[in-house]
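Participant:
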Amino acid sequence: MLARREIALFNLGDRFLATDNRCPHKGGPLCDGIVAGDSVVCPLHGWKVRLDSGMVEGPASSGACVATYPTRIEDGIVCVELPVSLFEAREREVA
Amino acid sequence: MKRLVVVGNGMAGMACLEQILAFAPRFEVTVFGEETHPNYNRVLLSSVLAGEKKAEDIVINGPEWYRGHGIDLRVGVRIVDVDPLARTITGDDGAVTPYDTLLLATGSTPWFPPIAGLGKGGVFAFRTLDDTRALMARSGPETRAVVIGGGLLGLEAARGLQVRGCDVTVVHVLDTLMERQLDKAAGVYVRAKMESLGIRVLLGRTTKAILGNGHAAGVEFADGSTVDADLVVVATGIRPSVELGRKARLTVNRGIVVNDLMETSDPNIFAVGECTEHNGICYGLVAPLFEQGKVLAGTIAGNPGPRYAGSVQAAKLKIMGVDVFSAGAWEEAPGVEPVRYEDPGLGVYKKLSLRDGKLAGVILVGDAGDSHRYMDWLRSGANLDRARRHLLCPPPSEDAGLDVAEMPESAIVCGCIGVTKGTIIHAIHHRGVNTLSQLKEVTRASTGCGSCTRLCEDLLRAVAPEFEEEVKTAICGCLPFAEDRLREMLRSERLKSVQEVLDIYGNGRGCEICKPALSYMLDMLWCGDHVEDRSARFINDRVHANIQKDGTFSVVPRIRGGVTSAAELRRIADVAEKYNVRMVKITGSQRIDLLGVKKEDLPKVWADLDMPSGQAYTKGVRMVKTCVGTDFCRFGVQDSTSVGIELERRFEQLYTPHKVKMAAVGCPRNCAEATVKDIGLVGQEGGWQVVVGGAAGKSVRKADLLTTVETSEAALEAAELFFQYYRENANFLERTYDFVDRVGIEKIRKETVYAPESVKHALRDRFARSKQRAVDPWLERREPRHPMQFIPLQPLEQVLA
Chain C
120 MLARREIALF NLGDRFLATD NRCPHKGGPL CDGIVAGDSV VCPLHGWKVR
170 LDSGMVEGPA SSGACVATYP TRIEDGIVCV ELPVSLFEAR EREVA
Chain Y
180 MKRLVVVGNG MAGMACLEQI LAFAPRFEVT VFGEETHPNY NRVLLSSVLA
230 GEKKAEDIVI NGPEWYRGHG IDLRVGVRIV DVDPLARTIT GDDGAVTPYD
280 TLLLATGSTP WFPPIAGLGK GGVFAFRTLD DTRALMARSG PETRAVVIGG
330 GLLGLEAARG LQVRGCDVTV VHVLDTLMER QLDKAAGVYV RAKMESLGIR
380 VLLGRTTKAI LGNGHAAGVE FADGSTVDAD LVVVATGIRP SVELGRKARL
430 TVNRGIVVND LMETSDPNIF AVGECTEHNG ICYGLVAPLF EQGKVLAGTI
480 AGNPGPRYAG SVQAAKLKIM GVDVFSAGAW EEAPGVEPVR YEDPGLGVYK
530 KLSLRDGKLA GVILVGDAGD SHRYMDWLRS GANLDRARRH LLCPPPSEDA
580 GLDVAEMPES AIVCGCIGVT KGTIIHAIHH RGVNTLSQLK EVTRASTGCG
630 SCTRLCEDLL RAVAPEFEEE VKTAICGCLP FAEDRLREML RSERLKSVQE
680 VLDIYGNGRG CEICKPALSY MLDMLWCGDH VEDRSARFIN DRVHANIQKD
730 GTFSVVPRIR GGVTSAAELR RIADVAEKYN VRMVKITGSQ RIDLLGVKKE
780 DLPKVWADLD MPSGQAYTKG VRMVKTCVGT DFCRFGVQDS TSVGIELERR
830 FEQLYTPHKV KMAAVGCPRN CAEATVKDIG LVGQEGGWQV VVGGAAGKSV
880 RKADLLTTVE TSEAALEAAE LFFQYYRENA NFLERTYDFV DRVGIEKIRK
930 ETVYAPESVK HALRDRFARS KQRAVDPWLE RREPRHPMQF IPLQPLEQVL
980 A
């Protein structure tokens, strides 16, 4: 969680993917969903969100998406690359 | 009438006899069988060993078939002599039987290499139902089994034993498995598959002796090394049983020599199946037997049809998850062009051998889905020059029906029995065939190895006017199986983790539909003796609370029968205040719901409540609603409160395909609405009605009467039988009202309360086993499944600090 933004990190076995933790439908916690292939299914109403692109797969017509963040593994630690804007938002909050 | 005597009650003899009876039912038929069983499908013995099928499932013709055709069946008699001049045969019981026409279908016998100590206890062949039963009786968890022979039969035996829990080693004399069917490269893939299933494979070992004093304790190899074993199976090949052919002075080489009309050198004696040799070839697989049988039936009936021109040999390994198929002449030779495809990561290897632009042979490992196409090419000898680009990856076909439509009428759909597409279409149009089982009965298609079942269904779907789907649809795209089939597979293959099932039978990934369903099945079958994978569960089952729209949770403690106490209420009130619970609500189920609890507070809330979970969040036993019954009510005739509490106590903490809501009422006024519950006990004067399948939610359905009983204990027992039956047979997310509708209350009654005592006993046993292992999930507050189970996302600063 950074500047009140929750980031969900998914372990797909062969890689890690990071997205915003809010389902674009009604804000459900995506990290509590069930991973289905490359997607996660939101625990509230079953929206299906692709973890690599952030696009909502189901319902297909929604056209919604969530933010995704690049990840890499350094010395066994999963690093998530977050936009500078988030850190600036946090600076403002602290100030 | 002429006397036709058949020696051999196996697949070849009886398939041929079926054809003879169809052509010319003018024989007085006597059949001798050395085994004491009815005619059964030998190909499926490995499925019996693996527990996928029962012995009675593989019977082809039961006693009623013999009776119906006036056949004199004599089992348990071995024929020891033939007198071709007197035209008589002699049994080992001394009885002499005369014949006009003799049909030898003696099959083959296991061949054993020279190994010292083969006579010791614990050493078995794998050829007959008796062998299979003996193996089943002697094998189980922790049995160390060595299978000598890395051919088709040896590998199937190995997998069967392993599924039974044995620790299995396969020993093969050559340095490659299944060398009769596979080239070395394919052998490597099969070896890897077998090893990934947990079977040890030792290649290039010549077995010298069975060790042990009177009973097998191990095997010793020519190089002096040894392997311990409690059980040794020798599956090193078969030899045609030609003894009677010799006694009858027929021409015999390796097998009894037959010509293209399946005649032997004696005009009154015929032979069919594995005991014969045609053009120098002895066949040891099932499809050629049927092809020979057809020709011979014409010959014997005096109506010779097409001549037997030899068969394309095709073999399929019947191990679930290990697709192996081989047919024709795949060996490399001058003038033969090999076409290969391999993907070591996927474990797929395919090889076609082309000669003069035609398919000569094929090997498929890891994906045998196209075997029919290749068999067609092999049989038809089609020129493949124009199909060269698509030999190993056919252009995708959107409509499954198209494939069948493209097949010519003469194409063989069922390779085991030799049924063509034309025959099936004829049966559909002229014999009123509409279902798969009718098709099986009329044409026998798909009664052999069963691999053509899908093709048969596609044909029915395309052609039959009133095709009735029998197979239920697959659970989801990840796993191409219906749920009842899946349950059977998990049980027989002893699969114990969701990922394992997905890896072996699915796409390796799974989704939100199959993962929770598999989780339920594993829990129901193995009662905790399985790998519990919380990532395959819905969030409610990860934190044992019901997620709300804002991401908080609701907490419902167990209040059995809706009966609480002042002390309990006081604790609940304290908890509500301490954790700022946003709403305290009396539910429709006579429970108390604390709404708006944060994830991280859940363990503390449970500890302070000091009550078990009411499991109001899961697919499991929810609650029993009760009225006050005889305790206070002036109309009550049964003690619904105590019985309801007892019902809840017995079933609570068990998971079910969908939620189970129950009620017990003390009189037919039904104040606690028992007749619209999944299970309801309705008290009446002198006893109880047990009703099931009621609903008052999205659907409204009046429950069906399961049974009427006199005592409370009998009511609880009847409820228990239904409850366990529902757990074992319903699809995941199928409520009792859909389940009862689908299955029918009559069938449910027959298989629960009116079932034989042994069936009821087994249901109760499995229920007790589940119940014994069930625990209050809220105890995970003391030992979380993993350190983050109840931890919400933390601010980055805290994580870094």
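As they're listed, the protein sequences go chains C and Y. Just so it is clear: in the first sequence, position 58 is 177 by the numbering used here, and no numbers are missing. Just so it is clear: in the second sequence, position 122 is 301 by the numbering used here, and no numbers are missing. No residue lacks a Cβ here, since even glycine has one placed at the ideal position from N, Cα and C.
Pick from Y/Phe946, Y/Ala365, Y/Leu942, Y/Glu711: whose alpha carbon is nearest that of Y/Leu496?
Facilitator: Closest by alpha carbon: Y/Ala365.
Participant: Quick check: is the beta carbon of C/Glu207 nearer than 7 angstroms to any beta carbon in chain Y?
Facilitator: Judged by the 7 angstroms Cβ criterion, C/Glu207 is not in contact with chain Y.
Participant: Under the rule that 16 or more other beta-carbon atoms within 10 Å means buried, what is Y/Ala579, buried or exposed?
Facilitator: Note that Y/Ala579 scores 42 on pLDDT, short of 50, meaning its location in the model is unreliable; the coordinates nonetheless yield the value given after this. Classification of Y/Ala579: exposed, given that the 10 Å Cβ count is below 16.
Participant: Under DSSP, the alpha helix (DSSP H) around Y/Lys939 begins and ends at which residues?
Facilitator: Counting along the chain, the alpha helix (DSSP H) containing Y/Lys939 begins and ends at 936 to 952.
Participant: Can you check whether the C-beta of C/Val213 is within less than 7 angstroms of a C-beta belonging to chain Y?
Facilitator: By this cut-off, C/Val213 is not an interface position.
Participant: Flag Y/Leu130 as yes if its beta-carbon sits less than 7 angstroms from any beta-carbon of chain C, otherwise no.
Facilitator: As shown, chain Y starts at 180 and ends at 980. That puts residue 130 of chain Y outside it, with no answer to give.
Participant: Using a Cβ-Cβ distance under 7 angstroms, would C/Val185 count as near chain Y?
Facilitator: So, not an interface residue.
Participant: For chain C, is any of its Cβ atoms less than 7 angstroms away from the one on Y/Glu197?
Facilitator: No - not a single Cβ of chain C is within 7 angstroms of the one on Y/Glu197.
Participant: Please confirm if C/Met120 has its CB atom under 7 angstroms from at least one CB of chain Y.
Facilitator: Yes, because at least one Cβ of chain Y sits closer than 7 angstroms to the Cβ of C/Met120.
Participant: Hey, out of Y/Glu825, Y/Cys846, Y/Lys757, Y/Asp555, whose CA is closest to Y/Gly140's CA?
Facilitator: For chain Y, the structure presents residues 180 to 980; residue 140 of chain Y sits outside this window and is missing.
Participant: Looking at Y/Val888: is its Cβ nearer than 7 angstroms to the Cβ of Y/Ala897?
Facilitator: Result yes, Cβ atoms of Y/Val888 and Y/Ala897 sit closer than 7 angstroms.
Participant: Within 7 angstroms (strictly less), CB to CB, does Y/Glu691 reach chain C?
Facilitator: Output row for Y/Glu691: interface = yes.
Participant: If you scan the region 339 to 389 of chain Y from start to end, which runs of the beta strand (DSSP E) of 3 or more residues do you find wholly inside it?
Facilitator: For the region 339 to 389 of chain Y, whole beta strand (DSSP E) runs of length 3 or above, ordered along the chain, are 346 to 350, 379 to 381.
Participant: Any idea what DSSP makes of Y/Asn482, helix, strand or coil?
Facilitator: Coil.
Participant: For chain C, find out if any of its Cβ atoms is closer than 7 angstroms to the Cβ of Y/Lys992; answer yes or no.
Facilitator: It is not possible to answer for residue 992 of chain Y, since the shown part of chain Y is limited to 180 through 980.
Participant: Counting pairs of beta carbons, one from the region 695 to 702 of chain Y and one from the region 898 to 915 of chain Y, are three or more of them closer than 8 angstroms?
Facilitator: The region 695 to 702 of chain Y vs the region 898 to 915 of chain Y: in contact.
Participant: Are Y/Lys689 and Y/Leu681 close, meaning C-beta to C-beta below 7 angstroms?
Facilitator: Just to set this straight, residue 689 of chain Y is Gly in the shown sequence, not Lys. Result yes, Cβ atoms of Y/Gly689 and Y/Leu681 sit closer than 7 angstroms.
Participant: If we define contact as Cβ-Cβ less than 7 angstroms, is Y/Lys950 a contact residue for chain C?
Facilitator: For Y/Lys950, the answer is no, since every Cβ of chain C falls outside 7 angstroms of its Cβ.
Participant: Cβ of Y/Glu470 within 7 angstroms of Cβ of Y/Ser490?
Facilitator: For Y/Glu470 and Y/Ser490, yes; Cβs fall inside 7 angstroms.
Participant: Exposed or buried, which one is Y/Ser375 when buried takes at least 16 other CB atoms within 10 Å?
Facilitator: Answer is exposed; the Cβ neighbour count stays below 16.
Participant: Classify Y/Met668 as helix, strand or coil using the three-state DSSP reduction.
Facilitator: It is helical.
Participant: Return the chain-ordered list of same chain residues with a C-beta closer than 6 angstroms to the C-beta of Y/Lys856, the five sequence neighbours on each side being excluded.
Facilitator: Taken in chain order, the residues that qualify are Lys840, Met841, Ala842, Gly873.
Participant: In terms of residues, what are the limits of the beta strand (DSSP E) holding Y/Cys532?
Facilitator: Note that residue 532 of chain Y is Ser in the sequence shown here, rather than Cys. 527 to 534 is the extent of the beta strand (DSSP E) around Y/Ser532.
Participant: Buried or exposed: Y/Leu264, going by 16 or more other Cβ atoms within 10 Å of its Cβ?
Facilitator: Exposed, because fewer than 16 other Cβ atoms sit within 10 Å of the Cβ of Y/Leu264.
Participant: Enumerate in chain order the residues of its own chain whose CB-to-CB distance from Y/Leu581 is below 8 angstroms, with the five nearest sequence positions on each side excluded.
Facilitator: Low per-residue confidence applies at Y/Leu581: pLDDT is 47, beneath 50, and the placement is therefore not dependable, though the value from the model is reported in the following sentence. So no residue of the chain qualifies.
Participant: Following the continuous beta strand (DSSP E) through Y/Val501, name the residue where it begins and the one where it ends.
Facilitator: 501 to 507 is the span of the beta strand (DSSP E), which, as asked, contains Y/Val501.
Participant: With a 10 Å radius around its C-beta and 16 neighbouring C-beta atoms as the bar for buried, classify Y/Ala539 as buried or exposed.
Facilitator: With 16 or more Cβ atoms within 10 Å of its Cβ, Y/Ala539 is classed as buried.
Participant: What residue range is occupied by the uninterrupted beta strand (DSSP E) comprising Y/Ser287?
Facilitator: Per DSSP, Y/Ser287 belongs to the beta strand (DSSP E) from 287 to 289.
Participant: Under DSSP, the beta strand (DSSP E) around Y/Gly452 begins and ends at which residues?
Facilitator: Neither: Y/Gly452 is in no beta strand (DSSP E) and is coded neither H nor E.
Participant: So what does DSSP say about Y/Leu975, is it helix, strand or coil?
Facilitator: Correct three-state label for Y/Leu975: helix.
Participant: Per DSSP, what kind of secondary structure is Y/Lys181 in: helix, strand or coil?
Facilitator: Note: Y/Lys181 maps to strand in three-state DSSP.
Participant: With a 10 Å radius around its C-beta and 16 neighbouring C-beta atoms as the bar for buried, classify C/Arg169 as buried or exposed.
Facilitator: Flag for C/Arg169 reads buried.
Participant: Whose C-alpha, out of Y/Ser630, Y/Gly192, Y/Arg568, is nearest the C-alpha of Y/Tyr520?
Facilitator: Nearest C-alpha to Y/Tyr520: Y/Arg568.
Participant: If distances are taken between C-alpha atoms only, which option among Y/Leu410, Y/Ala894, Y/Asp883, Y/Ser878 comes closest to Y/Gly865?
Facilitator: Per the Cα distances, Y/Ala894.
Participant: Please report the straight-line C-alpha distance between Y/Lys783 and Y/Phe969, rounded to a whole angstrom.
Facilitator: Near 10 angstroms, if we compare the C-alpha coordinates of Y/Phe969 and Y/Lys783.
Participant: I need the straight-line Cα distance from Y/Val406 to Y/Leu308, nearest angstrom please.
Facilitator: In a straight line, the C-alpha of Y/Val406 is about 27 angstroms away from that of Y/Leu308.
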